[in-house]
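This report concerns only the one structure given below.
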Amino acid sequence: MPIKKLDRIDRKIMEEIQRDGDISNLELADKVGLSPSPCSRRVRQLEEAGIIDRRVTLLNQNSLGLPLTIFIHVCLEKQLPKTLDNFERSICTYTEVIECALITGSDADYLLKVVMPDMSHYEKFLLKELNQIEGVSSIRTSFVMRHVLNRTALPLSHIK
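Per the UniProt record's numbering, the very first residue in the sequence shown carries number 1; after that it's consecutive.
Take a look at the structure:
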């Protein structure tokens with residue numbers, strides 16, 4: 001459903017729900033300066049337009065015993081549609097992979113973001129899973145030493 005041009009109220013709504021996806025409509029309405037009914041209507045319009053994609057709960061990876069974050073550059077033998085499809089289908093089955101992007105401007109074809117409990121899990125994942133995907137020619141790994149910034153909120157400053 002097409003949405004009207006986004007305004008400052010829409011921006012405030014999006015900022016607030018990015019900050020707290022569990023915020024009640026009553027509290028959201030108060031924070032953005034609307035009564036509850038029009039606020040709820042605007043949120044529904046943003047959802048129907050696909051601007052609000054979904055709402056999730058963010059878990060603390062360290063508290064869950066997943067302190068290791070790894071960025072993996074994957075090169076394929078050839079960028080043929082069949083090879084790309086096979087890789088993407090395979091990589092989507094691994095819950096450790098929390099992001100996968102087909103990239104350009106690098107010698108790699110894909111960039112993966114993976115979380116693991118420790119190096120032995122990574123070794124097993126690398127040798128028994130990732131290296132076994134047909135068409136993978138090389139893998140380069142970077143380990144995160146410290147998260148300096150880890151945002152989930154999209155920048156909205158371009159919306160007036």
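Idealized CB from N, CA, C, for every residue including glycine. Keep in mind that this is a model prediction, so the values were computed, not measured.
Legend entry - DSSP bridge partner residues for Tyr122 (one or two, in chain order): Answer is none; Tyr122 lacks a bridge partner.
Legend entry - Proximal residues to Met119 (C-beta, below 8 Å), its chain only, five neighbours per side dropped: The beta carbon of Met119 lies closer than 8 Å to those of Leu68 in the same chain, with the five residues before and after it left out.
Inset, instruction - Can you tell me the Cβ-Cβ gap for Phe125 and Glu88, rounded? I've got them flagged as a contact below 8 Å. - result: That pair is no contact at about 17 Å.
Legend entry - Segment limits, beta strand (DSSP E) that includes Met116: Residues 110–116.
Legend entry - Test item: CB-CB of Leu66 and Ile91 under 8 Å: Not a contact, by the Cβ cut-off of 8 Å.
Inset, instruction - With Ser37 as the anchor, note down where its beta strand (DSSP E) starts and where it stops. - result: No beta strand (DSSP E) contains Ser37, which is instead part of the alpha helix (DSSP H) from 36–48.
Inset, instruction - List the residues that DSSP assigns as beta-bridge partners of Ala101. - result: In the DSSP assignment, the residues bridged to Ala101 are Leu111.
Legend entry - Alpha-carbon to alpha-carbon, Ser63 and Thr104: Roughly 34 Å separates the two Cα atoms.
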